[in-house]
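Student: Numbering follows the UniProt record's numbering, in which position 307 of the sequence shown is assigned residue number 307; successive positions increment by one, without gaps.
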Amino acid sequence: MDTLNAPKLEQDYTDLPKSYFSHVQPEPMENAKLVSVNHTLMAQIDCDLNDEQLLDLLSGYLQQVSCDPLAQKYVGHQFGVYNPDLGDGRGLLLGQWRDNSGQAWDFHLKGAGRTPYSRRGDGRAVLRSTIREYLASEALNGLGVPSTRGLGIATSDEPVQREIVEPRATLIRVSHTHIRFGHFQFAASKGAAHMETLLNFVVQKHYPEHQQDSLEDKAWVVLHQACIKTAKLLAKWQTVGFNHGVMNTDNMSIIGETFDFGPFAFFDDFKIDFICNHSDYEGRYAYNQQAQIALWNCKVLATCFDGLLTEEQAQQAMEDFVQTYNRAYLEDMIAKLGLETVQNGDKELIGDLLVLMDEFQVDYSLFFRRLAKWQTDKESELFELIHPEQLPVGFSQWFDKFSVRVEQEGVDLSVWRERILKANPSIVLRNYIAQQIIEKAERGDYVMLNEWLIALQSPFEEHPNLADFQQPPRPYQKGMKLSCSS
Ligand code: AMP
Ligand code: MG
């Protein structure tokens, strides 16, 4: 191989002091084969690597693509408890791919093997968790929710021990950044000089218009933007019915993208206090806690800037989080109801609906999608989601109020129906569906995986080929909970 002409990834992370990372080579994956390539993402970032080169990256051989892999050091609060020993334990930042517009995209190899931060872990990833991350990140992106993405997956017959033995796999995660809240916690623990370099690095990378600002102003920009972006992200998670499951501060992106997928779940039936993480005994990361936990995480981030920001500034950033979240959530939710501008009473209308959906265990996504059938001859398909025989009184009162509200909107019902279909997906990556995809992939059949990858990129279209998955799940398929093991 002529390495002079080999494609090359840049590596900006080495601009930071050595304590921020360790140079590590991946543990190659033997007999690796490609499972899936995300051609849509490849095209979006002008990535022209061929399958052989992608497999070279995914297998960790790194002979065809030149790069300088490293494991990042960070710390964080896990389930509310500070852990100074974190870092990339099973992933390596390979470097940055630059698209034709000049935008740099981090490539991170997940499942690359042990690093100095692996603690007792084996540094590996399994096909199951890799597929879940790959599809969920694509699903969120398709729904308009900021998220890291997956460029492709490879697997091999190397065994990895989890609760059972599973096939090894790797994923290339693509993102604007791999800087987490936990990086700032790490900088704060190391002192002012570390904080200064990290702030300069993040501002240069993500807020270049503030490069000439004072360090104090840079700290404000980073904190304030993290709060605003995280608040908007949380509003979207709540609206699409996404349960993250492990909102530790080391799993929070500094630029408000969904980051690190574990036991996540998209809703089947709506349950206000749903806990998707089987190991989350106290419900710290329950659905109805997510926004508050994000705010808690932002408060932890603010403490990192002690000495650079005043207490009033930190307080202001938190207030802006709350205000941004409340406004974005209302706006995103009324859009789901086919409404355009927030009116008095909308908050109560949404609250009342969620209480009813929780009480009657209504399928979250199907309810909103089928709302388009309301006041048509197919209306029964909507109502049977709520109750097989008769619409409960509470719901019929709610529809009466809703009827008045839709009328206020002053648009033709056909226009309103179009809005519903544009705001509510026809397909959702439910856990039972992901499980079917995984079981097939573990047998070497990747057809369903690749079909769903493409479908999730346009979730608001009809997808008649996936009609079976557009029905309410069977009772035994619902509400699947997973543990952190990945
Ligand atoms: P996560 O729950 O995926 O956010 O991981 C929390 C921490 O544990 C991170 O520092 C990971 O790198 C590390 N970790 C998770 N799984 C493994 C593994 N199989 N081997 C080594 N480290 C791991
Ligand atoms: Mg993590």
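From the three backbone atoms N, C-alpha and C, an ideal C-beta is built for every residue, glycine too.
For Thr170, tell me which candidate among Leu70, Pro28, Ser66 has the shortest Cα-Cα distance.
Tutor: Among Leu70, Pro28, Ser66, the Cα nearest to that of Thr170 is on Pro28.
Student: Around the Cβ of Val24, are there at least 16 other Cβ atoms within 10 angstroms (buried) or fewer (exposed)?
Tutor: Its Cβ being crowded by 16 or more others within 10 Å, Val24 is buried.
Student: Comparing the CB of Tyr20 with every heavy atom of ligand 1, is any distance shorter than 8 Å?
Tutor: No, since every heavy atom of ligand 1 falls outside the 8 Å radius drawn around the Cβ of Tyr20.
Student: Would you say Val81 touches ligand 2, meaning its beta carbon is less than 8 Å from a heavy atom?
Tutor: Because no heavy atom of ligand 2 lies under 8 Å away, the Cβ of Val81 does not count as near it: no.
Student: I want to check one thing, is the minimum distance from the CB of Asn248 to the heavy atoms of ligand 2 below 8 Å?
Tutor: Yes.
Student: Tell me which residues share the same chain as Lys440 and place their Cβ nearer than 6 Å to its Cβ, disregarding the 5 neighbours each side in the sequence.
Tutor: So the list reads Met448, once near-sequence residues are dropped.
Student: Out of curiosity, what's the CA-to-CA distance linking Thr247 and Asp377?
Tutor: The displayed chain sequence assigns Met, not Thr, to residue 247. Rounded to the nearest angstrom, the two C-alpha atoms are 43 Å apart.
Student: How is Val355 classed by DSSP in three states: helix, strand or coil?
Tutor: Val355 falls in the helix class under three-state DSSP.
Student: Can you check whether the C-beta of Phe267 is within less than 9 Å of a C-beta belonging to chain C?
Tutor: Looking at the structure shown, chain C is missing, and only one protein chain is on hand.
Student: Answer yes or no: do Thr239 and Gln185 have a C-beta to C-beta separation smaller than 9 Å?
Tutor: Cβ distance not < 9 Å, so Thr239 and Gln185 don't count as in contact.
Student: Once the 5 residues before and after Val37 are set aside, which same chain residues still bring their CB inside 8 Å of it?
Tutor: Closer than 8 Å at Cβ, skipping near neighbours: Asp51, Leu54, Leu151, Gly152.
Student: Could you give the residue range of the alpha helix (DSSP H) that holds Phe321?
Tutor: 311–336 is the span of the alpha helix (DSSP H), which, as asked, contains Phe321.
Student: Could you check which residue in His108, His176, Ala139, Ala43 has the C-alpha nearest to that of Val428?
Tutor: Closest option to Val428, Cα to Cα, is Ala139.
Student: Secondary structure at Tyr432, three-state DSSP: helix, strand or coil?
Tutor: Here Tyr432 sits in helix by DSSP.
Student: With distances taken from CA atoms, which of Ile45, Asn31, Gln390 is nearest Tyr61?
Tutor: Out of Ile45, Asn31, Gln390, Asn31 has the C-alpha closest to the C-alpha of Tyr61.
Student: Cβ of Leu58 within 9 Å of Cβ of Leu127?
Tutor: The answer is no: Cβ separation not under 9 Å.
Student: Could you tell me which whole alpha helix (DSSP H) segments of length 4 or greater appear in the stretch 72–111?
Tutor: DSSP runs (the alpha helix (DSSP H)) wholly in the stretch 72–111: none.
Student: Out of Leu466, Asp157, Ala6, Thr341, state which residue places its alpha-carbon closest to the alpha-carbon of Arg430.
Tutor: Looking at the Cα atoms, Leu466 is the closest of the given residues.
Student: In the structure shown, what three-state DSSP assignment does Lys8 receive?
Tutor: Strand.
Student: Please state whether DSSP places Glu158 in a helix, a strand or coil.
Tutor: Three-state result, Glu158: strand.
Student: Identify every residue that forms a DSSP beta bridge with Arg149.
Tutor: Answer is Val174, bridged to Arg149.
Student: Cutting at 7 Å between CB atoms, please list the residues of its own chain near Ile179, excluding the five before and the five after it.
Tutor: The residues are Val202, Ile254.
Student: Between which two residues does the alpha helix (DSSP H) containing His224 stretch?
Tutor: Counting along the chain, the alpha helix (DSSP H) containing His224 begins and ends at 215–240.
Student: Look up Ser458 in the DSSP assignment and say whether it is helix, strand or coil.
Tutor: Coil at Ser458, not helix or strand.
Student: Is the beta carbon of Asn243 within less than 8 Å of some heavy atom of ligand 1?
Tutor: Not under cutoff, so the answer is no.
Student: Tell me which residues share the same chain as Gln321 and place their Cβ nearer than 6 Å to its Cβ, disregarding the 5 neighbours each side in the sequence.
Tutor: For the sequence presented, residue 321 should be read as Phe rather than Gln. Excluding positions up to five away in sequence, the list reads Cys227, Ala231, Leu295, Cys298.
Student: If you draw a straight line from the alpha carbon of Ser19 to that of Gly338, how long is it in whole angstroms?
Tutor: Answer to the nearest angstrom: the Cα atoms are 51 Å apart.
Student: Under 8 Å: does the beta carbon of Asn31 sit that close to some heavy atom of ligand 2?
Tutor: False, no ligand heavy atom lies under 8 Å from that Cβ.
Student: Helix, strand or coil for Phe184, going by three-state DSSP, please let me know.
Tutor: Here Phe184 sits in helix by DSSP.
Student: Helix, strand or coil for His387? Go by DSSP, reduced to three states.
Tutor: His387: coil per DSSP, three-state reduction.
Student: Does ligand 2 have a heavy atom nearer than 8 Å to the CB of Asn424?
Tutor: The answer is no for Asn424.
Student: Can you list, in chain order, the residues of its chain with a C-beta nearer than 8 Å to that of Gln457? Leave out the 5 residues immediately preceding and following it.
Tutor: Same-chain partners within the cutoff: Thr40, Glu138, Asn141, Gly142.
Student: Measuring straight from C-alpha to C-alpha, what distance separates Leu9 and Leu93?
Tutor: C-alpha separation (whole angstroms): 10 Å.
Student: Determine the extent of the alpha helix (DSSP H) in which Leu58 is found, giving its start and end residues.
Tutor: Where Leu58 is concerned, the enclosing alpha helix (DSSP H) stretches over 51–58.
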